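Asker: Residues 11 to 334 in the numbering used here are what the sequence shown lists, from first letter to last.
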Amino acid sequence: MPHKTIYVAGHKGMVGSAICRLLERREDVTLVTASHDELDLSRQTEVEAFFSGHAIDQVYLAAARVGGIHANNSYPAEFLGDNLLIQTHVIQAAHRTNVQKLLFLGSSCIYPKHAAQPIREDALLTGELEPTNEPYAIAKIAGIKLCESFNRQYGRDYRSVMPTNLYGVGDNFHPENSHVIPGLMRRFHEAAQTGAESVSVWGTGTPRREFLYVDDMASACLHIMELPIERYQQHTQSRLSHINVGTGTDCSIRELAETIARVTGFKGRLEFDTSKPDGTPRKLLDVSKLAMLDWHSTMGLEEGLKETYTWFLENEAAVMPLLP
Numbered sequence: 011m012p013h014k015t016i017y018v019a020g021h022k023g024m025v026g027s028a029i030c031r032l033l034e035r036r037e038d039v040t041l042v043t044a045s046h047d048e049l050d051l052s053r054q055t056e057v058e059a060f061f062s063g064h065a066i067d068q069v070y071l072a073a074a075r076v077g078g079i080h081a082n083n084s085y086p087a088e089f090l091g092d093n094l095l096i097q098t099h100v101i102q103a104a105h106r107t108n109v110q111k112l113l114f115l116g117s118s119c120i121y122p123k124h125a126a127q128p129i130r131e132d133a134l135l136t137g138e139l140e141p142t143n144e145p146y147a148i149a150k151i152a153g154i155k156l157c158e159s160f161n162r163q164y165g166r167d168y169r170s171v172m173p174t175n176l177y178g179v180g181d182n183f184h185p186e187n188s189h190v191i192p193g194l195m196r197r198f199h200e201a202a203q204t205g206a207e208s209v210s211v212w213g214t215g216t217p218r219r220e221f222l223y224v225d226d227m228a229s230a231c232l233h234i235m236e237l238p239i240e241r242y243q244q245h246t247q248s249r250l251s252h253i254n255v256g257t258g259t260d261c262s263i264r265e266l267a268e269t270i271a272r273v274t275g276f277k278g279r280l281e282f283d284t285s286k287p288d289g290t291p292r293k294l295l296d297v298s299k300l301a302m303l304d305w306h307s308t309m310g311l312e313e314g315l316k317e318t319y320t321w322f323l324e325n326e327a328a329v330m331p332l333l334p
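1) Following the continuous beta strand (DSSP E) through residue 105, name the residue where it begins and the one where it ends.
2) Could you give the distance in angstroms between the alpha-carbon of residue 113 and the alpha-carbon of residue 15?
3) Taking its Cβ as the centre, do 16 or more other Cβ atoms sit within 10 Å of residue 193, making it buried, or is it exposed?
4) Do you know whose CA, among 195, 150, 39, lies nearest residue 185's CA?
5) With the cut-off set at 8 Å, would you say residue 174 and residue 256 are in Cβ contact?
6) Determine the DSSP secondary structure at residue 257, reduced to helix, strand or coil.
7) Return the chain-ordered ranges of every alpha helix (DSSP H) run that is complete within the segment 160-198 and spans a minimum of 4 residues.
8) So is residue 128 buried or exposed if we call it buried at 16+ other beta carbons inside 10 Å?
9) Quick one: give me the first and last residue of the alpha helix (DSSP H) that residue 226 is part of.
10) Who are the Cβ neighbours of residue 17 in its own chain at under 6 Å, not counting the five residues just before and after it?
11) Write down the C-beta distance between residue 271 and residue 221 rounded to the nearest angstrom, noting that I regard them as a contact closer than 8 Å.
12) Take residue 122 and list the residues in its own chain whose beta-carbon comes closer than 7 Å to its own, dropping the five residues that flank it on each side.
13) Per the contact definition of three or more C-beta pairs closer than 8 Å, is the segment 163-170 in contact with the segment 239-257?
14) For residue 235, collect the residues of the same chain with a Cβ closer than 6 Å to its Cβ; drop the 5 residues on either side in sequence, then sort them by chain order.
15) Can you pull the DSSP bridge partners for residue 1?
16) Thinking just about the alpha-carbon of each residue, which of 79, 51, 31 is nearest to the one in residue 290?
17) Which word fits residue 111, buried or exposed, when buried means at least 16 other C-beta atoms lie within 10 angstroms of its C-beta?
18) Unbroken beta strand (DSSP E) runs of length 3 or more, entirely within the segment 232-311: which are they?
19) Among 283, 259, 126, 269, which has the Cα closest to the Cα of residue 316?
20) Where do the N-terminal and C-terminal ends of the alpha helix (DSSP H) with residue 115 fall, by residue?
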């Protein structure tokens, strides 16, 4: 195979680091990364200079400002503005330096709040978004459309993947700004260690969510990026080019919390705080396109949660100082 120089934007994040772990095993790849101190993706001149200084063949755009319901509700301006800047600067710089192949990582929150389940790719832009993460969703929709626009106007091969809820090694366990799995895992871990009688879980516990282990996501990203363009275009359209990535199965938040309690060894009771928002009632992706492209997830939820908790315990000293 011809040698490739690949830039992973967001290599220190959960998804970006998982993609890097896979690419580092390849003898035909030179991996290029840059920390935030070295390269601020929100600054156009820095991004342009970085791309001009490296002969990049492919880009995995995994950099983004991310967070759970609390973070999205608290910082809507940053979740929209920062993500628009990051993705626009990277995609434009890739084009200007003649990078032909790019993979943009979005999010399943791009779909309408009440989309028919499981959610197909063509549900995009057919209804109102979930208010709690609308700014982030709009930024990601713009990213898809920017990639499609460069494809149509300039013949680029810029692809987009929309993952379901991700978790795993390298997740963010911040007590307020984390997603549901690391947030619950931290809470249950602390409760198990202190012998607490109960753990509070946001919402009613009835919403259903789909969860994908981050190493599976990285595997899907490489698989989709490496598909021949003819095969990729067989299952997409010029204005509907993104592909869902998930497991095709979901569970209730109550079931998830019960599983995390088992994994962390918490023996107390669960209390559901119904004053907190539930978010979207259900979010399950239709992954039939991905299956037709011969990729399927391999990590079961409980197995993935055990792997994540093992990593959490091994890195507890670094994770726990995030307490306020």
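For each residue, glycine too, the CB sits at the ideal point set by N, CA and C. Just so we're clear, the structure is a prediction, and the values are computed from it rather than from any experiment.
Answerer: Looking at the atomic coordinates:
1) Looking at the DSSP string, residue 105 is not in any beta strand (DSSP E); the run it does join, the alpha helix (DSSP H), is 86-106.
2) C-alpha separation (whole angstroms): 14 Å.
3) Classification of residue 193: buried, given that the 10 Å Cβ count is 16 or more.
4) Cα-wise, what sits closest to residue 185 is 195.
5) Cβ distance < 8 Å, so residue 174 and residue 256 count as in contact.
6) Reduced to three states, the DSSP call for residue 257 is coil.
7) Runs of alpha helix (DSSP H) with 4 or more residues, each lying fully within the segment 160-198, are absent.
8) Looking at its Cβ environment, which holds 16 or more other Cβ atoms inside 10 Å, residue 128 is buried.
9) Counted as a single uninterrupted DSSP element, the alpha helix (DSSP H) harbouring residue 226 occupies residues 224-235.
10) Contacts found: 42, 66, 69.
11) That belief does not hold up - the Cβ atoms of residue 271 and residue 221 are roughly 16 Å apart, past 8 Å.
12) The answer, listed in chain order, is 133, 136, 137, 138, 139.
13) Yes, they touch.
14) 113, listed in sequence order.
15) Any question about residue 1 goes unanswered here, given that the chain covers just 11 to 334.
16) Ranking 79, 51, 31 by Cα distance to residue 290 puts 79 first.
17) Buried, since its Cβ has 16 or more Cβ neighbours within 10 Å.
18) Correct list: 252-255, 279-283.
19) Comparing Cα-Cα distances from residue 316 to each of 283, 259, 126, 269, the minimum goes to 269.
20) Here residue 115 belongs to no alpha helix (DSSP H); instead the beta strand (DSSP E) covers 111-115.
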